[in-house]
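What follows is one structure encoded as structure tokens, with my remarks underneath.
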Amino acid sequence: MRAAAATSLLVVLSVVHLHLGCCGYRDERRIDGKDDVENDTAAAKGARKQPHIIFILIDDQGFNDIGYHNPSIKTPTLDKLAAEGVKLENYYVQPICTPSRSQLLTGRYQIHTGLQHSIIRPSQPSCLPPHLDTLPQRLRQAGYATHMVGKWHLGFYTKACLPTRKGFDSFFGSLTGSVDYYSYGSCDGPGLCGYDLHDNESVAWGHEGKYSTTLFTQRARKILQSHDPTRQPIFLLLSLQAVHTPLQPPKSYIYPYRGMADVARRKFAAMVSTVDEAVRNVTYALRKSGLYRDSVIVYSTDNGAQPFTGGSNWPLRGRKGTYWEGGIRGVAFVHSPLLRRRRRVSNALVHITDWFPTLLGLAGGNVSQSQGLDGFDVWGAISEGKVSPRQEILHNIDPLHKAPTPARGGDVPRGAKGFKKPKKKKQKKKKKLLKQRPKQKSAFKSSKSRATKLYSKLKGRPDRSIARSSKSRRTTYPEHNLSWPERKLQSRVKAKRSPQPADGSNELLELPMWDTSVQAAIRVGDWKLLTGDPGHGEWVPPQVLPTLAGRWWNLERALPSLRSQNGSEGVKNIWLFNISADPYERCDLSRQRPEVVRHLLARLAHYNRTAVPVHFPPDDPRAHPDRHGGAWVPWIDQIQERDLDQDQDRAKTYQQKVQQKNKKCRLCKLKAFFHKLNTRIMSSRI
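Going by this note's numbering, the residue at position 32 of the sequence shown is 32; the numbering climbs one at a time, nothing skipped.
In structure tokens, the structure reads:
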């Protein structure tokens, strides 16, 4: 009885347990399914969540012109944002304004936009190619509100070149490259000046006397505060004119730098402080408007600083306008709550063309729709510390800029220390040598087998240095442990194994794969190659003296390194540096590593095959502001409409004259008819 009751109880409990288990399984499955749906929905919303992008572009700020590189520059806001974000310490831009801005907006190298040479002057009929899509255009397609405040400097000769025609919903700023900070006057030469401040596509008169950095910051804050984040994300390009010349900081910002002896450096540092305050106000506007949590702030300079006007790239070599590290290695950082790994320094290789695919990818746009991009999506390297997909950078190839011809007085310019007037006897000897040179065999005219043999000889021992001629006093030896007689003997053996031409040049570097007189620069991995004339390559220490040019200026001059390889008169046109081991470019390895030089020259030749022709038209006198009410405005459209009206009037008057002539002379048609008929009859008889 008890056994039967126990058995029945167990059966009931088991049935209840199975029932509860099944119900629990079903409920758990339903709940998990609901959670999965909710998680998927949240993930989808998170994937569709588009960040607000604030890109702050500074003009002419050098590597040594920010607080976390130089404590004498007071930039507390920039230092804090960079410390809480990711500092980009291997970041590269272009050496001048227009190329950097064109690569930022198009994501393409200069050789693919036709802007390889110089900047766009105010009177030049040139701008971004119309067939290339821009970053604001693609972001607008992704649902963004796009605004630009500040300096454009990408051409404006037609209305199609204006920022509002290149993807920006609104524009407030200047169109030329340099304007007065208070009067907004811009000059393109003596007597060629005009007013340059625009609101969308019209001239913004009446803002004289307001400091441009403050005025641009106020407009940027107004845009952010009036934006509705629930409606659409925003892309704001704040392209400040500072710290470009003219040096016009407010007096209140100069006082903290009163201890600087150099007046230009003092004013420049004060202008950097105005930029710091502007970034603080923009960041405050982001927080106040509720945009900060979902925002990405990118801070970047457009090129290196100009030491003559107070800037500093120390300890990097070179300056603005050159392809040394001081001209192209820029200050940049990213600050965002969306960064996965913050408060760190990134040494990932990043180029200014990378912002196009990176920001478009963050916005959820389809990068593959933009054909021919040279940039890479580097958000993984910035946010998570991954390896950068970029392994090389083509800095530029400028076929219109070739190395200067050798000067008779050597490489030292007139007026510099060490310059000596050439003697007449040396001139006569040089003329004789020039007459005899065409008879000598050049490396460019050498046969293919000769070049192949020379390369095969050097390929087997790439790490050994090439011995110089016996006339040269300096010789590099990789075997430092040998005694001086052993080194001398070994150098003679090397000279026999790898004979040099009579002029002391390296035949391997003069193979016909590349014209080394063309200005070009490329970075592949750790190696950087320069050809042609890269610009003045000096290391300029921080300017602490009251005068710009003095004895200190010649302390770090690099002019002797610009001479030819054998020390004779001439211009050196090939440099090779290992940037990771030698970031200050003090050790040229072009003679020690000829195989690396050859590889990088081949890369230059590869890129040059895809280059488009340089577009650098002459100045158009019709752009003179006096013809347009005293302001810089698009001039081609107005003239074309005027010419079109004149042509139409001329056509009407011509038709009227023809009709009147036909009415007066009706017999002309009959005379012409009989003349043709008579001609046919005579020809048929013949």
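Backbone N, C-alpha and C define an ideal beta-carbon position, used for all residues, glycine too. Model, not experiment: these values are computed from the prediction.
Quick one: what's got a C-beta closer than 7 Å to Ala403's C-beta in the same chain, skipping five residues either side? By one-based count along the sequence shown, residue 403 stands at place 403. Cβ within range, chain order: Ser517, Gly532, Asp533, Val571, Asn573.
*asked:* I want to know whether the segment 249 to 262 touches the segment 270 to 282 - three or more CB-CB distances under 8 Å.
replied: yes
Pick helix, strand or coil for Asn281, following the three-state DSSP scheme. Stepping through the sequence shown from its first residue, residue 281 is reached at position 281. Three-state result, Asn281: helix.
Exercise. Whose CA, out of Leu394, Gly155, Val378, His628, lies closest to the CA of Leu88?
Worked result: For the purposes of this step, residue 88 is taken as the residue at position 88 of the sequence shown. The candidate whose alpha carbon is nearest that of Leu88 is Val378.
ask   = Do you know whose CA, among Asp199, Ala242, Gly327, Ala82, lies nearest Ser346's CA?
value = As a position in the sequence shown, residue 346 is number 346, starting the count at 1. The candidate whose alpha carbon is nearest that of Ser346 is Ala82.
Check your understanding: At what residues does the alpha helix (DSSP H) containing Pro399 begin and finish?
Key -> As a working note, residue 399 is residue 399 in the sequence shown. No alpha helix (DSSP H) holds Pro399; the beta strand (DSSP E) holding it covers 392 to 402.
* To do: Specify the secondary structure class of Lys267 as computed by DSSP and reduced to three states.
  => Here the question's residue 267 lines up with position 267 in the sequence shown. Taken through DSSP and simplified to helix, strand or coil, Lys267 comes out as helix.
With a cut-off of 8 Å on the beta carbons, I'd call Ala611 and Ile120 a contact; round off their distance for me.
Translated into the one-based positions of the sequence shown, residue 611 becomes position 611. Translated into the one-based positions of the sequence shown, residue 120 becomes position 120. Contact doesn't hold; Cβ gap of about 18 Å is too wide.
Can you tell me where the alpha helix (DSSP H) with Ile254 in it begins and where it stops? Taking the sequence shown and counting its residues from 1, the one referred to as residue 254 is at position 254. Counting along the chain, the alpha helix (DSSP H) containing Ile254 begins and ends at 251 to 254.
Practice problem: Kindly indicate which three-state DSSP category Trp575 falls into: helix, strand or coil? | Solution: The residue you call residue 575 lines up with position 575 of the sequence shown. Here Trp575 sits in strand by DSSP.
* Asked: With DSSP run on the structure shown, which of helix, strand or coil describes Ile73?
  -> The residue given as residue 73 occupies position 73 in the sequence shown. If DSSP states are grouped into helix, strand and coil, Ile73 belongs with coil.
Let me confirm a value: Asn200 is counted as buried when at least 16 other C-beta atoms fall within 10 Å, else exposed. Which label applies? Taking the sequence shown and counting its residues from 1, one reaches residue 200 at position 200. Exposed: under 16 other Cβ atoms inside 10 Å.
| query | Lys222 lies in the beta strand (DSSP E); which residues open and close that run? | reply | Locating residue 222 in the sequence shown gives position 222, counting from the first residue. Not the beta strand (DSSP E): Lys222 falls in the alpha helix (DSSP H), residues 212 to 225.
- Would you kindly report the start and end of the unbroken beta strand (DSSP E) that includes Asp334? Here the question's residue 334 lines up with position 334 in the sequence shown. Sequence inspection shows Val at residue 334; the Asp mentioned does not correspond to that position. Per DSSP, Val334 belongs to the beta strand (DSSP E) from 332 to 335.
Quiz item: How would you call Leu400, buried or exposed, if buried means at least 16 neighbouring beta carbons within 10 angstroms?
Solution: In the sequence shown, the residue the question calls residue 400 occupies position 400. Exposed: under 16 other Cβ atoms inside 10 Å.
What number of angstroms, rounded off, separates the C-alpha of Phe308 from the C-alpha of Gly365? Translated into positions along the sequence shown, residue 308 becomes position 308. Translated into positions along the sequence shown, residue 365 becomes position 365. Their backbone Cα atoms lie some 43 Å apart in a straight line.
Please report how far the alpha carbon of Val93 lies from the alpha carbon of Lys528, in whole angstroms.
Numbered from its first residue, the sequence shown carries residue 93 at position 93. Numbered from its first residue, the sequence shown carries residue 528 at position 528. Spanning the two alpha carbons is a distance of roughly 15 Å.
| Per the contact definition of three or more C-beta pairs closer than 8 Å, is the segment 340 to 356 in contact with the segment 309 to 325? | no
Roughly how many whole angstroms lie between the Cα atoms of Ser118 and Gln519?
-> Against the sequence shown, residue 118 aligns to sequence position 118. Against the sequence shown, residue 519 aligns to sequence position 519. Ser118 and Gln519: Cα-Cα distance of roughly 12 Å.
Report task. Going by DSSP, name the residue or residues bridged to Arg523. Result -> Locating residue 523 in the sequence shown gives position 523, counting from the first residue. Answer is Ile393, Lys528, bridged to Arg523.
Does the beta-carbon of Pro618 have 16 or more other beta-carbons within 10 angstroms, so that it is buried, or is it exposed? Position 618 of the sequence shown holds residue 618. Per the 10 Å Cβ criterion, exposed.
Reducing DSSP to helix, strand and coil, say where Leu236 ends up. By one-based count along the sequence shown, residue 236 stands at place 236. Three-state DSSP puts Leu236 in a strand.
Own chain residues within Cβ distance below 6 Å of Val334, not counting five before or after: Translated into the one-based positions of the sequence shown, residue 334 becomes position 334. Correct list, in chain order: Gly85, Val86, Val298, Ile382.
- Task: Would you mind giving the Cβ-Cβ distance between Gly167 and Thr134, rounded to the nearest angstrom? I have them listed as a contact below 8 Å.
- Result: Locating residue 167 in the sequence shown gives position 167, counting from the first residue. Locating residue 134 in the sequence shown gives position 134, counting from the first residue. Rounded to whole angstroms, the Cβ separation of Gly167 and Thr134 is 5 Å, and the two are in contact under 8 Å.
- Query: Can Lys151 and Asp59 be called in contact, C-beta distance under 8 Å?
  - Reply: Along the sequence shown, read from residue 1 onward, the residue named residue 151 stands at position 151. Along the sequence shown, read from residue 1 onward, the residue named residue 59 stands at position 59. Result yes, Cβ atoms of Lys151 and Asp59 sit closer than 8 Å.
task: Give the straight-line distance between the Cα atoms of Lys45 and Ala204, rounded to the nearest whole angstrom.
output: Along the sequence shown, read from residue 1 onward, the residue named residue 45 stands at position 45. Along the sequence shown, read from residue 1 onward, the residue named residue 204 stands at position 204. Its pLDDT being 40, under 50, Lys45 is placed unreliably by the model, and the measurement read from it follows with that caveat. Straight-line Cα distance between these residues: approximately 41 Å.
If you follow the alpha helix (DSSP H) that Leu139 is part of, which residue opens it and which one closes it? Within the sequence shown, numbered from 1, the residue matching residue 139 stands at position 139. According to the DSSP assignment, Leu139 belongs to the alpha helix (DSSP H) that extends over 135 to 141.
- Item | Test item: CB-CB of Thr75 and Gly62 under 8 Å | Translated into the one-based positions of the sequence shown, residue 75 becomes position 75. Translated into the one-based positions of the sequence shown, residue 62 becomes position 62. Result no, Cβ atoms of Thr75 and Gly62 do not sit closer than 8 Å.
ask   = Which residue comes first and which comes last in the alpha helix (DSSP H) that contains Leu767?
value = Since the first residue of the chain shown is 1 and the last is 686, residue 767 is not available in this structure.
Could you check where the beta strand (DSSP E) with Thr98 kicks off and where it finishes?
On the sequence shown, position 98 is the one that residue 98 refers to. Note, Thr98: premise wrong, no beta strand (DSSP E); alpha helix (DSSP H) at 97 to 106.
**Q.** Ala381 (DSSP reduced to helix, strand or coil)
**A.** Position 381 of the sequence shown, counting from 1, holds the residue named residue 381. Ala381: helix per DSSP, three-state reduction.
Closest by CA to Pro99, which one among Val149, Leu154, Pro129? Taking the first residue of the sequence shown as 1, we reach residue 99 at position 99. Answer by Cα proximity: Leu154.
Across the segment 286 to 294 and the segment 207 to 226, are there enough close Cβ pairs to call them in contact, namely three or more that are closer than 8 Å?
yes
### Task
Can you give me the start and stop residues for the alpha helix (DSSP H) that Phe376 sits inside?
Numbered from its first residue, the sequence shown carries residue 376 at position 376. It is not in any alpha helix (DSSP H) - Phe376 carries neither H nor E in the DSSP assignment.
Original post:
By DSSP, does His112 sit in helix, in strand, or in coil?
Top reply: One-based indexing of the sequence shown puts residue 112 at position 112. DSSP places His112 within a helical segment (H, G or I) once states are collapsed to three.
Return the CA-CA distance between Leu394 and Trp514, expressed in angstroms with no decimal places.
Locating residue 394 in the sequence shown gives position 394, counting from the first residue. Locating residue 514 in the sequence shown gives position 514, counting from the first residue. Roughly 15 Å separates the two Cα atoms.
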